[in-house]
Amino acid sequence: MKAIAGRALLEGASEPTEVTILYDTKIHKIHKGLINNGDLDVDDFMSVPPEQVILPGLVDAHVHLNEPGRTEWEGFATGTKAAAAGGVTTVIDMPLNAIPPTTTVANFDTKLAAARGQCWVDVGFWGGAIPGNSEDLVPLIEKGVRGFKCFLIESGVDEFPCLEVPDVKKALKAIEGHPTIFMFHAEMANGESTDLPPNADPKSYMSFLHSRPDKLELTAINSIIEASKSSPDVKLHIVHLATAEAVPIIKKAKEEGVPLSVETCFHYLHFAAESIPEKSTQHKCCPPIRTEDNRSLLWKALEDGVVTSVVSDHSPCTPNLKDLQTGDFFKAWGGIASVGLGLPILWTTARKDGRNVTVADISKWCSYNTAEQVGLLKSKGSIKEGKDADFCIFDPEAKVKITTDKLHFKNKISPYKDGTLVGEVRRTIVRGQVVYDTEEGMSLKPLGSLLLEPRTE
Numbered sequence: 132m133k134a135i136a137g138r139a140l141l142e143g144a145s146e147p148t149e150v151t152i153l154y155d156t157k158i159h160k161i162h163k164g165l166i167n168n169g170d171l172d173v174d175d176f177m178s179v180p181p182e183q184v185i186l187p188g189l190v191d192a193h194v195h196l197n198e199p200g201r202t203e204w205e206g207f208a209t210g211t212k213a214a215a216a217g218g219v220t221t222v223i224d225m226p227l228n229a230i231p232p233t234t235t236v237a238n239f240d241t242k243l244a245a246a247r248g249q250c251w252v253d254v255g256f257w258g259g260a261i262p263g264n265s266e267d268l269v270p271l272i273e274k275g276v277r278g279f280k281c282f283l284i285e286s287g288v289d290e291f292p293c294l295e296v297p298d299v300k301k302a303l304k305a306i307e308g309h310p311t312i313f314m315f316h317a318e319m320a321n322g323e324s325t326d327l328p329p330n331a332d333p334k335s336y337m338s339f340l341h342s343r344p345d346k347l348e349l350t351a352i353n354s355i356i357e358a359s360k361s362s363p364d365v366k367l368h369i370v371h372l373a374t375a376e377a378v379p380i381i382k383k384a385k386e387e388g389v390p391l392s393v394e395t396c397f398h399y400l401h402f403a404a405e406s407i408p409e410k411s412t413q414h415k416c417c418p419p420i421r422t423e424d425n426r427s428l429l430w431k432a433l434e435d436g437v438v439t440s441v442v443s444d445h446s447p448c449t450p451n452l453k454d455l456q457t458g459d460f461f462k463a464w465g466g467i468a469s470v471g472l473g474l475p476i477l478w479t480t481a482r483k484d485g486r487n488v489t490v491a492d493i494s495k496w497c498s499y500n501t502a503e504q505v506g507l508l509k510s511k512g513s514i515k516e517g518k519d520a521d522f523c524i525f526d527p528e529a530k531v532k533i534t535t536d537k538l539h540f541k542n543k544i545s546p547y548k549d550g551t552l553v554g555e556v557r558r559t560i561v562r563g564q565v566v567y568d569t570e571e572g573m574s575l576k577p578l579g580s581l582l583l584e585p586r587t588e
C-alpha cells in the first residue's frame with residue numbers, strides 16, 4: 132500500500148482539501164487531514180508541498196496518435212509520454228490518420244498490436260464511421276471502442292471519407308440501443324468552396340479564416356440535430372467546436388432533450404485570429420481559430436455549461452507538411468500539437484483574462500466530463516475511493532517557458548513553443564505508478580494499459 136498526503140481536489144469539491152490518500156492501483160481510503168508517515172503502514176509515502184495540489188489525472192478525449200501507418204507524424208510512445216508530462220493519465224485515440232483507420236475489427240486489431248507495450252498512460256480508442264461500414268460499428272463496440280467519430284466534410288486523408296446525411300442516419304440506426312456515443316466533426320461545406328478566395332494571400336491567416344466561415348459549422352450542427360431525430364436516444368457529441376455562433380442552437384437542442392455534449396479545444400480558448408502572424412502555419416486547424424470576440428464567447432459557453440469539456444485535438448505532422456518555409460495556409464496540414472500542455476494553457480489564459488476559473492473548474496472540464504463522455508467515469512475522472520489511482524501533481528504558481536525539451540511529442544512544431552505558461556505539472560501517477568516526475572523524468576518503461584472493457588453507459 133502507498134500513501135500521498137497534501138491538498139487534493141476530491142470529487143464534488145470546489146476547493147482542494149488537506150487529505151491523506153491510501154492506494155495501490157486503486158484509491159482505497161481517503162482520510163480527511165494529513166496523517167504522518169509513522170501513523171501509516173505503507174511501503175511508499177509521498178508528501179506534496181502545500182503550494183502544490185493533487186488533481187485527478189486528466190482525460191484527453193481527442194488525441195491523434197497516428198500509429199501504425201503515419202508514425203513519422205506521431206506514435207504511441209512519444210504521444211503518451213507527452214501526455215504524461217502534462218498530467219494526462221488517459222488519452223482516447225482518434226480513428227483516423229493511422230493507416231489503417233479504426234473502421235473495422237480487423238483494422239482495430241492492427242492498431243492494438245501496434246499499441247501494446249508502448250503506452251506511458253492509459254489509452255482508449257474511438258472507432259470511425261465512414262461510408263459503407265455501418266455493419267462494422269456494433270462489432271467494434273463489442274471489441275472495446277468507446278464510440279465513433281465521423282466527418283461531414285473532407286477529413287484530409289483519403290482512407291477516412293466523410294458521411295452524407297443519409298449515411299449518418301444509417302450509422303445512428305445501426306448503433307441504436309448500444310452503450311456508445313456518436314461524434315461529429317461539425318463542418319459541412321454544402322457545395323461551398325473552402326479553397327483560397329479570389330485575390331487572397333495564401334500566407335495570411337485571415338484568408339484561411341474566410342475560407343472556413345462560421346456557417347460551415349452551423350450547417351453541420353443543424354444537420355446533426357435534424358438527423359438525430361430518427362434515433363433520438365443515441366448520445367451525440369460535437370468535437371472541437373470553434374464558433375460561438377452555434378451556442379444558441381446547441382442550448383436549444385439540449386433544452387429540447389437532444390442527448391448532446393460539446394467540446395472545444397485549448398487553442399480556441401487561448402488564441403485569436405487577429406493575433407496570428409502571416410505564414411505561421413503551426414496555428415492552422417479545422418475548424419479555424421476565430422476572432423477575439425468569438426474566443427471570449429466560447430469561454431462564456433464553457434463557464435455556463437453549454438460547452439462541457441476541453442481537449443487538445445492533438446493532430447501533429449512532420450515539418451514539411453506544415454509548409455513552414457513557404458507559410459501557405461492552404462497547403463499546410465491542418466492540426467495543432469498540444470497534448471500534455473492543456474492544464475497550464477487553461478490556467479494561464481483564464482488568469483490573463485481575469486476570469487474566476489478555479490482548478491476545480493478545469494478539472495471538471497478536462498477530467499470528470501471527459502471521463503463521462505468516454506464511458507470511464509466509474510474508474511477515471513475524479514479522486515474518489517474505488518477509482519483508479521490516477522493523479523496529477525500541479526504547481527499553479529510555477530512559470531515555464533515551452534522550449535523544445537518541454538515538448539515530448541515527436542515533431543516539435545506547436546504554436547505554444549517559445550511561449551511562457553503559468554502552472555507546471557510536477558508529477559503524474561497512473562494506477563499508482565509514477566510515470567513522470569519533473570526531476571527524474573519519464574518512467575523507464577511504459578506503465579499504461581489499453582482500455583478495452585466495453586462501456587456500460
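Mind the numbering: the sequence shown is residues 132 to 588 in my numbering, read in order.
Ideal Cβ placement from N, Cα and C applies to all residues, glycine included.
query                                                                                                           : result
Bridge partner(s) assigned by DSSP for Q564                                                                     : V561
Sequence ranges, beta strand (DSSP E) only - wholly within the stretch 220 to 302, length at least 3            : 253 to 256 and 279 to 282
Residue from K157, L153, G164 and Y154 whose Cα sits closest to the Cα of R138                                  : G164
Closest by C-alpha distance to Y567, when choosing among I476, C250, P262 and I355                              : C250
Enclosing beta strand (DSSP E) for H392 [first to last residue]                                                 : According to the sequence provided, residue 392 is Ser. The question's His does not apply to it. Here the beta strand (DSSP E) through S392 covers L391 to C396.
Cβ neighbour criterion (16 or more within 10 Å) applied to Q456                                                 : exposed
Cα-Cα separation between A134 and A246, rounded to whole angstroms                                              : 31 Å
Beta carbon of N264 nearer than 8 Å to that of N228                                                             : no
N-terminal and C-terminal residue of the beta strand (DSSP E) that L429 is part of                              : Looking at the DSSP string, L429 is not in any beta strand (DSSP E); the run it does join, the alpha helix (DSSP H), is E423 to E434.
Residues bridged to P187 (per DSSP)                                                                             : F522
Same chain only: Cβ atoms within 6 Å of G200, ignoring 5 sequence neighbours per side                           : A229 and I230
Where F402 falls: helix, strand or coil (DSSP)                                                                  : coil
Near the ligand SAM: D332 beta-carbon under 7 Å from a heavy atom                                               : What this structure holds is no ligand at all, so the ligand SAM is not there to describe.
Nearest residue (CA-CA) to S513, options E584, E528, W496 and V276                                              : W496
Residue of I152, H159, D191 and P187 minimising C-alpha distance to F176                                        : I152
Per-residue burial, D424 [other beta carbons within 10 Å of its own, 16 or more giving buried]                  : exposed
Residue of D326, N487 and R586 minimising C-alpha distance to S145                                              : N487
For A375 and S178, the rounded distance between their alpha carbons                                             : 43 Å
Contact between the stretch 535 to 553 and the stretch 300 to 311 (3+ Cβ pairs under 8 Å)                       : no
Complete alpha helix (DSSP H) runs within the stretch 473 to 497 (minimum length 4 residues, chain order)       : 473 to 484 and 490 to 494
Between the CA atoms of K576 and Q92 - distance to the nearest angstrom                                         : Beyond the ends of the chain as shown, which are 132 and 588, falls residue 92; an answer cannot be given.
Exposed unless 16 or more other CB atoms sit within 10 angstroms - verdict on V296                              : exposed
Alpha carbon of N168 to alpha carbon of T559, nearest angstrom                                                  : 21 Å
Reduced DSSP category for S361 - H, G, I as helix; E, B as strand; rest coil                                    : helix
Rounded separation between K157 and G579 - CA only                                                              : 14 Å
Validate contact between the stretch 353 to 370 and the stretch 323 to 338 using beta carbons, cut 8 Å, 3 pairs : no
Proximal residues to D526 (C-beta, below 6 Å), its chain only, five neighbours per side dropped                 : Q183, E555 and R557
Same chain, Cβ closer than 6 Å to A213, neighbours up to 5 away in sequence not counted                         : V470, G471, H539 and F540
Selected residue, minimal CA-CA separation from V219, among G210, G188 and I544                                 : G188
D170, buried or exposed, once every other Cβ within 10 Å from all chains shown has been counted against 16      : exposed
Residues bridged to M319 (per DSSP)                                                                             : According to DSSP, which records beta bridges pairwise, M319 is partnered with nothing at all.
The stretch 453 to 467 touching the stretch 377 to 392, judged by at least three CB pairs closer than 8 Å       : no
Beta-carbon spacing of I272, V505 below 8 Å                                                                     : no
Contact belief for L283 with M319 at Cβ below 8 Å, rounded distance in angstroms                                : 4 Å
Reduced DSSP category for T148 - H, G, I as helix; E, B as strand; rest coil                                    : strand
DSSP bridge partner residues for H162 (one or two, in chain order)                                              : T151
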